[in-house]
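See below for the structure under consideration.
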Amino acid sequence: MTTAKHSTQVNAVDIAIVGGAMAGATLALGLAKLSVSLKRTLRIALIEAHVADHNHPGFDARSIAIAHGSIFELSRLGIWSKLKHLGTPIENIHVSDRGHFGMTELNAKPLGLDALGQVVELARVGKVLFDELAKSQVNVFCPAKVTSLQPQQNGHLLSLDDGSQLHCQLLVAADGAHSVVRQHLGQTTEQVDFEQTAIVANVITDAPHQHWAYERFTQTGPLALLPMQSVPSVASAQSRFSLVWAVSPAQADELKQADKTVFLDALQHAFGHRVGRFVDVGQRVSYPLTLSYMPRPIYHRCIFVGNAAQTLHPIAGQGFNLGLRDVVGLLEVIETALTQTQGEVDLGNIQLIHQYLASRQRDRDSTLRNIEFLVRGFSNQHWPLVAGRNLGLRLLSWLPPLKRPVAQTAMGWR
Ligand SMILES: Cc1cc2nc3c(=O)[nH]c(=O)nc-3n(C[C@H](O)[C@H](O)[C@H](O)COP(=O)(O)OP(=O)(O)OC[C@H]3O[C@@H](n4cnc5c(N)ncnc54)[C@H](O)[C@@H]3O)c2cc1C
Numbered sequence: 001m002t003t004a005k006h007s008t009q010v011n012a013v014d015i016a017i018v019g020g021a022m023a024g025a026t027l028a029l030g031l032a033k034l035s036v037s038l039k040r041t042l043r044i045a046l047i048e049a050h051v052a053d054h055n056h057p058g059f060d061a062r063s064i065a066i067a068h069g070s071i072f073e074l075s076r077l078g079i080w081s082k083l084k085h086l087g088t089p090i091e092n093i094h095v096s097d098r099g100h101f102g103m104t105e106l107n108a109k110p111l112g113l114d115a116l117g118q119v120v121e122l123a124r125v126g127k128v129l130f131d132e133l134a135k136s137q138v139n140v141f142c143p144a145k146v147t148s149l150q151p152q153q154n155g156h157l158l159s160l161d162d163g164s165q166l167h168c169q170l171l172v173a174a175d176g177a178h179s180v181v182r183q184h185l186g187q188t189t190e191q192v193d194f195e196q197t198a199i200v201a202n203v204i205t206d207a208p209h210q211h212w213a214y215e216r217f218t219q220t221g222p223l224a225l226l227p228m229q230s231v232p233s234v235a236s237a238q239s240r241f242s243l244v245w246a247v248s249p250a251q252a253d254e255l256k257q258a259d260k261t262v263f264l265d266a267l268q269h270a271f272g273h274r275v276g277r278f279v280d281v282g283q284r285v286s287y288p289l290t291l292s293y294m295p296r297p298i299y300h301r302c303i304f305v306g307n308a309a310q311t312l313h314p315i316a317g318q319g320f321n322l323g324l325r326d327v328v329g330l331l332e333v334i335e336t337a338l339t340q341t342q343g344e345v346d347l348g349n350i351q352l353i354h355q356y357l358a359s360r361q362r363d364r365d366s367t368l369r370n371i372e373f374l375v376r377g378f379s380n381q382h383w384p385l386v387a388g389r390n391l392g393l394r395l396l397s398w399l400p401p402l403k404r405p406v407a408q409t410a411m412g413w414r
């Protein structure tokens, strides 16, 4: 683990990133690469409260699907080549509506692709990203927490819980849904509570996954299964899936505490037999599902990215995919600022902040709208909605050209 020199004097940096999980760590690595490729010295600090182990809140037991478009961006940043060995390709996605006729498939081959996306385990990703950060020029403060910050005319002064202080021109908040930076700056979010809780667990089935992912809309909320890499303890004819199952908060408590057999029976009943029989389940963790977002994820010399800017329902697996597009958008405006000026550049200047805001608005707004529509539309049992969504799924099956725009959105192509 890298730890920067903790001194009582103020460390001056160009950019300080608070939060070193998926968004913050990829941004720090992207900035380090930019600095090398443009031959410009960027002083970058990354402050992360937790070391990358199994108790880390951002690199926990979850697996996430990284869309095809995000793999492309991670490759451009030189990060995917380090993570590739951890990925399980998704070659097909099956979408269905429990108890109704609607179902459709998205397949990689007709789109000329090897995979629609890749599934990775966050705990393993965290270790790789921190190893890469240790080799980079990024000054990593970890474990260290930002405890207070003071906006100043030329930047922000951050105080850390180890007693050190940092001054930055540009502050990037990548500190998640309960962003401390946002609270210190008195910024608020708009919230939608879906009154759903996600049960997340790894499950084993008695049939091979053959690189299929599944999304099933049930009365309580969506149920997703992502294919995972095999491990020695799992028989070769069986497969591992990462389960995300949205249910009511009361049901979530019951399911979390239920005996293994009761849980597996309930899951089998909700999902059906498309992946064979569910034979085992690992630790069950729950996450309350809300959508929260900052309409303007900026402040004086400060930019919010990833979950700090918006926290999505995992229905469409878009949280990190959208967060990565924030990161890429920010890297682009910084690259432009650096290439347009030869000498010193003030990276916290107001034009750069507003360029970032403008560049992200359309993508953020449309992703948020689509997700709210999906959650509300597919968790509702009013018959016109049920009929409409089933017809929609059927149409996608019957008219393959309609699938391309849906697939493009799902794969995060910009
Ligand atoms: C059940 C579930 C399934 C999901 N599936 C998918 C999926 O399939 N595809 C997808 O793209 N997304 C998915 N997501 C969303 C995705 O996991 C998140 O969008 C992403 O991990 C958020 O990363 P982040 O870095 O923005 O924030 P976080 O992971 O919240 O990280 C914030 C970091 O900031 C640190 N921090 C906080 N306060 C301080 C402080 N004061 N000082 C220093 N550090 C601080 C924390 O320790 C933490 O490491 C899913 C989410 C859930 C809940």
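So the sequence shown is numbered by UniProt numbering: it starts at 1 and just counts up by one. Even for Gly, the Cβ is constructed at its ideal location relative to N, Cα and C. Just so you know, these numbers come straight off a predicted model, no measurement behind them.
What residues in its chain sit with their C-beta under 7 Å from that of residue i, if we drop five residues either side in the sequence?
{"i": "Leu338", "result": "Leu38, Arg40 and Val345"}
{"i": "Lys82", "result": "Val128 and Glu132"}
{"i": "His50", "result": "His56, Pro57 and Pro143"}
{"i": "Gln153", "result": "none"}
{"i": "Val234", "result": "Ile204 and Arg240"}
Within the continuous beta strand (DSSP E) that includes residue i, where are the two ends?
{"i": "Glu121", "result": "Gly117 to Glu121"}
{"i": "Ala246", "result": "Ser239 to Val247"}
{"i": "His167", "result": "Gln165 to Ala173"}
{"i": "His269", "result": "Taken as a continuous stretch (DSSP letters only), His269 belongs to no beta strand (DSSP E), being part of the alpha helix (DSSP H) at Lys260 to Phe271."}
{"i": "Ser286", "result": "Val285 to Tyr293"}
{"i": "residue 415", "result": "Because the chain here runs from 1 to 414, residue 415 falls outside it and cannot be looked at."}
{"i": "Asp14", "result": "Val10 to Val18"}
{"i": "Phe278", "result": "Phe278 to Val281"}
{"i": "Cys302", "result": "Cys302 to Phe304"}
{"i": "Gln150", "result": "Val146 to Gln152"}
Among the options, which has the Cα closest to the Cα of residue i?
{"i": "Ala16", "options": "Val140, Asp114 and Thr189", "result": "Val140"}
{"i": "Ala32", "options": "Trp212, His56 and Ile79", "result": "Ile79"}
{"i": "Arg240", "options": "Gln210, Thr205, Gln355 and Glu215", "result": "Thr205"}
{"i": "Ser159", "options": "Asn11, Arg364, Tyr356 and Leu331", "result": "Asn11"}
{"i": "Gly163", "options": "Ser286, Leu149, Thr188 and Ala174", "result": "Leu149"}
{"i": "Pro89", "options": "Ser233, Ile298, Arg296 and Met228", "result": "Met228"}
{"i": "Thr220", "options": "Lys109, Val328, Ala266 and Pro232", "result": "Ala266"}
{"i": "Gln137", "options": "Val125, Val262, Pro288 and Val36", "result": "Val36"}
{"i": "residue 479", "options": "Ala52, Val231, Leu291 and Leu357", "result": "Only positions 1 to 414 of the chain appear in this structure, which leaves residue 479 out of reach."}
{"i": "Gln318", "options": "Val281, Glu91 and Ser63", "result": "Ser63"}
{"i": "Gln283", "options": "Ser242, Ser233, Leu113 and Ala235", "result": "Ser242"}
{"i": "Tyr214", "options": "Val262, Gln361, Leu291 and Val119", "result": "Val119"}
{"i": "Val314", "options": "Glu332, Gln361, Thr290 and Phe271", "result": "The question names Val, but residue 314 in the sequence shown is Pro. Nearest C-alpha to Pro314: Thr290."}
Would you check if the distance between the CB atom of residue i and the CB atom of residue j is smaller than 8 Å?
{"i": "Leu116", "j": "His85", "result": "no"}
{"i": "Ile199", "j": "Ala252", "result": "yes"}
{"i": "His209", "j": "Val275", "result": "yes"}
{"i": "Asp363", "j": "Ala23", "result": "no"}
{"i": "Leu330", "j": "Leu27", "result": "yes"}
{"i": "Val247", "j": "Gln196", "result": "yes"}
{"i": "Val95", "j": "Glu372", "result": "no"}
{"i": "Arg216", "j": "Leu223", "result": "yes"}
{"i": "Asn321", "j": "Ile66", "result": "yes"}
{"i": "Val18", "j": "Val125", "result": "no"}
{"i": "Leu357", "j": "Gln310", "result": "no"}
{"i": "Tyr287", "j": "Glu190", "result": "no"}
{"i": "Glu91", "j": "His211", "result": "yes"}
{"i": "Ala123", "j": "Phe59", "result": "yes"}
Can you find the residues in the same chain that come closer than 6 Å, C-beta to C-beta, to residue i, ignoring five residues on each side of it along the sequence?
{"i": "Glu48", "result": "Gly20 and Cys142"}
{"i": "Thr147", "result": "Ser159 and Asp161"}
{"i": "Gln165", "result": "Val10 and Ser159"}
{"i": "Pro151", "result": "His300"}
{"i": "Lys5", "result": "Residue placement at Lys5 cannot be trusted, given a pLDDT of 46 that sits under 50; what the coordinates show is reported in the next sentence. Here the set comprises nothing."}
{"i": "Leu185", "result": "Tyr299"}
{"i": "Gln203", "result": "A quick correction: the sequence has Val, not Gln, at residue 203. If we look at Val203 and ignore the five residues flanking it on each side, its Cβ neighbours are Phe241, Leu243, Phe278 and Val281."}
{"i": "Pro297", "result": "Phe304 and Ala309"}
Grab the span of the alpha helix (DSSP H) containing residue i for me, first residue to last.
{"i": "Asn321", "result": "Gly319 to Gln340"}
{"i": "His68", "result": "His68 to Arg76"}
{"i": "His85", "result": "Taken as a continuous stretch (DSSP letters only), His85 belongs to no alpha helix (DSSP H), as it is neither H nor E."}
{"i": "Arg182", "result": "Val180 to His184"}
{"i": "Val36", "result": "Met22 to Ser37"}
By Cβ distance below 8 Å, which residues in the same chain neighbour residue i in space, the five residues on each side in sequence not counted?
{"i": "Asp14", "result": "Leu42, Arg43, Ile44, Cys168, Gln169, Leu170 and Leu347"}
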